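Numbering (our numbering), first residue to last: 92 to 541.
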Amino acid sequence: MKKSYEIDMCSGPILGKLLLFALPLMLSGILQLLFNAADVIVVGRFAGSQSLAAVGSTSSLINLLINLFVGLSIGVNVLVAKHYGAKEEQEVSDTVHTAIMTSLISGCILVVVGIAAARPLLELMGTPDDVIDKSVLYMRIYFAGMPVVMLYNFGSAVLRAIGDTKRPLYYLAAAGLVNIVLNLWFVIGFHLDVAGVALATVISQCISSGLIVRCLMKSEGGLRLHLKKLSINKKKLMQIIRIGLPAGMQGAIFSVSNVLIQSSVNSFGSIAMAGNTAAANIEGFVYTAMNSVYQANLSFTSQNIGAKKFSRLNRILLICLGVVTATGLILGWGALAGGQELLRIYSADPEVISYGILRMEIICTTYFLCGCMDTLVGSLRGMGYSVLPMAVSLTGACGIRVLWIFTVFAAFHSLTVLYVSYPVSWVITALAHLVCLSRVRRRFPKTDAV
């Protein structure tokens, strides 16, 4: 019998259930973004443009360092969903305990790497002298909280696998409120500047991860977490790595191209950096909404593969592509329409707003292409193919952006030319994924297994 927070992904109409899955996940992602947006807004309004640039300049570098490990949570999601769809309780339990243990180990590794590498990597990115000290401080405090960040990501991946996207939303809502209150208290009350917003973020992440752990400990069946049983099951770890590591490597190497783009933006000065940061934060809400459809596709496809409901795979993909296109177009163009007002939340400086609008005119209007690209990857990973989409993405999106920076951007040194590299890479990579998916799909039956 399904619990109220679970979704039956393997029978009945797809669209309604997919939206029921995706909407709470969408709101959860938005709340996570609000952690960073609250940081950016508070420092931009109460500490100045340099502090705004300092926080913003770290985002691509933070993503570079954590994406490899966050990618493993995708392996957890696929594996739990597959075993859950096949009703293999012991396999689910082994995966859950291995996942939680792996998250803690990953977090501890990231603490050491992030704190040690912060300044050298920011210097390598060409972070301006008037910003770098604050950027280093923000990064080091942020990375001190990595174990709880990883714990939340892996724990919520387990819940997503069974269709439970509501409870992570409630936990993030509670943590988000704490984050905003602490931001204002630390920055305005105690004048802690970037250190204050970093501390507020870490404390709020402790709350959300603690609630996730409590939820798993009170769950039933294979999902139930027993702290005494925390260990690494080698077989499950290798399966998680096989699916998740290519996804993590893709995310990490994608971040390399974004670090190069951030470095290119840095060459235009701290005001351009601040405008880029504000616009990127607004775009992040659009991306998060689209990414919830990717996550839905991943879970729905994985469960139906486990249940051998092959006839539903094509319908799941087509519905997801329709939903992600509509989401990207409506939210992307809507963000651009309100761009002036939205950017003013981050900074009152007209120059900062002008730079932000420049980026949004190119990215927001074409962002649905990125959503389509990711949704195609979701189908491939849900079917158990992770290396193939990684190779295509790295060759297509990442390779094209790096090539663009060293050729087209080098010849025509402007922010407009730099930002155009995004939609160009999305179109080419999405088409390549579509070709791969059409070939992979032929390897599975068109009808359900009896």
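For each residue, glycine too, the CB sits at the ideal point set by N, CA and C.
These numbers were taken from a predicted model, which means no experiment stands behind them.
Relative to the C-alpha of residue i, which residue among the options is closest?
i: L336; options: A488, K225, L163; result: L163
i: G176; options: I253, Y446, V347; result: I253
i: L471; options: C527, E311, Y378, G205; result: C527
i: G139; options: G217, G462, D221; result: D221
i: A540; options: K400, A209, T193; result: K400
i: L321; options: T538, L479, P115, H188; result: H188
i: V377; options: T457, G360, T218; result: T457
i: Q431; options: E442, G419, L422, I448; result: I448
i: P536; options: A398, Q181, L509; result: A398
i: S184; options: I232, P115, R315, R333; result: R315
i: G198; options: N168, L213, V167, L159; result: L159
i: S625; options: W495, I454, G217, H504; result: Here the chain has residues from 92 to 541 only, and residue 625 is not among them.
i: I407; options: R532, M481, L522; result: R532
i: V478; options: G339, I157, E179; result: G339
i: V518; options: A502, A501, G487; result: G487
Grab the span of the alpha helix (DSSP H) containing residue i for me, first residue to last.
i: W276; result: Looking at the DSSP string, W276 is not in any alpha helix (DSSP H), and its letter there is neither H nor E.
i: E180; result: 180-215
i: I453; result: 441-473
i: C489; result: That residue, C489, is in no alpha helix (DSSP H); it is neither H nor E in DSSP.
i: Y544; result: Because the chain here runs from 92 to 541, residue 544 falls outside it and cannot be looked at.
i: T379; result: 361-397
i: N324; result: That residue, N324, is in no alpha helix (DSSP H); it is neither H nor E in DSSP.
i: A289; result: 284-308
i: R532; result: 506-532
i: L404; result: 404-428
i: P480; result: 478-484
i: Y175; result: 150-176
i: S140; result: 140-147
i: A540; result: First-last for A540: undefined, no H or E at that position.
i: F503; result: F503 -> no alpha helix (DSSP H), and no H or E assigned at all.
Closer than 8 Å by C-beta to residue i: which residues in its own chain qualify, once you throw out the five before and the five after it? Chain order, please.
i: L525; result: L467
i: R435; result: I444
i: R210; result: I223, V227
i: I121; result: F376, T379, A380
i: M192; result: L321, S322, I323
Could you pull out every residue in the same chain whose Cβ sits closer than 6 Å to the Cβ of residue i, ignoring the five residues on either side in sequence?
i: K108; result: I98
i: V239; result: Q296, C297, S300
i: Y446; result: A363, G366
i: C489; result: I344, F345, S348
Please work out which residues of its chain come closer than 7 Å, Cβ to Cβ, to residue i, disregarding the five sequence neighbours upstream and downstream, and give them in chain order.
i: L275; result: V133
i: A144; result: V222, S361, M364, A365, T368
i: F234; result: L201, V202, G205, I206
i: E452; result: L427
i: N405; result: none
i: T418; result: A380, M381, V384, G462
i: V493; result: S348, L351
i: V169; result: I334, L389, S393, R472, G473
i: S151; result: S346, N349, V350, Q353
i: A264; result: L122
i: M100; result: K108, G254, S390, F391, Q394, N395
Taking its Cβ as the centre, do 16 or more other Cβ atoms sit within 10 Å of residue i, making it buried, or is it exposed?
i: K325; result: exposed
i: Q123; result: buried
i: A266; result: buried
i: G425; result: exposed
i: V483; result: buried
i: P104; result: exposed
i: A291; result: buried
i: H504; result: exposed
i: S438; result: buried
i: S102; result: exposed
i: G236; result: buried
i: F281; result: exposed
i: K173; result: buried
i: Q181; result: exposed
i: L307; result: buried
i: G147; result: buried
i: R450; result: buried
i: R305; result: exposed
Could you tell me whether any Cβ in chain B is nearer than 7 Å to the Cβ of residue i?
i: I121; result: The structure shown contains no chain B; it holds only a single protein chain.
Flag residue i as yes when its Cβ comes closer than 6 Å to any non-hydrogen atom of the ligand MG, and as no otherwise.
i: M241; result: This structure simply doesn't include the ligand MG, nor any ligand for that matter.
Self-check item: the segment 231-247 in contact with the segment 156-171 per 3-pair CB rule at 8 Å
Solution: yes
Exercise. Tell me, please, whether the segment 371-380 touches the segment 508-526 by the rule of three or more beta-carbon pairs shorter than 8 Å.
Key: no
Quiz prompt | Segment contact flag, the segment 409-421 with the segment 103-121, C-beta cutoff 8 Å, min 3 pairs | solution = yes
Self-check item: Segment contact flag, the segment 328-348 with the segment 290-302, C-beta cutoff 8 Å, min 3 pairs
Solution: no
Self-check item: Inter-stretch contact (C-beta, 8 Å, three-pair minimum) for the segment 278-286 and the segment 213-228
Solution: yes
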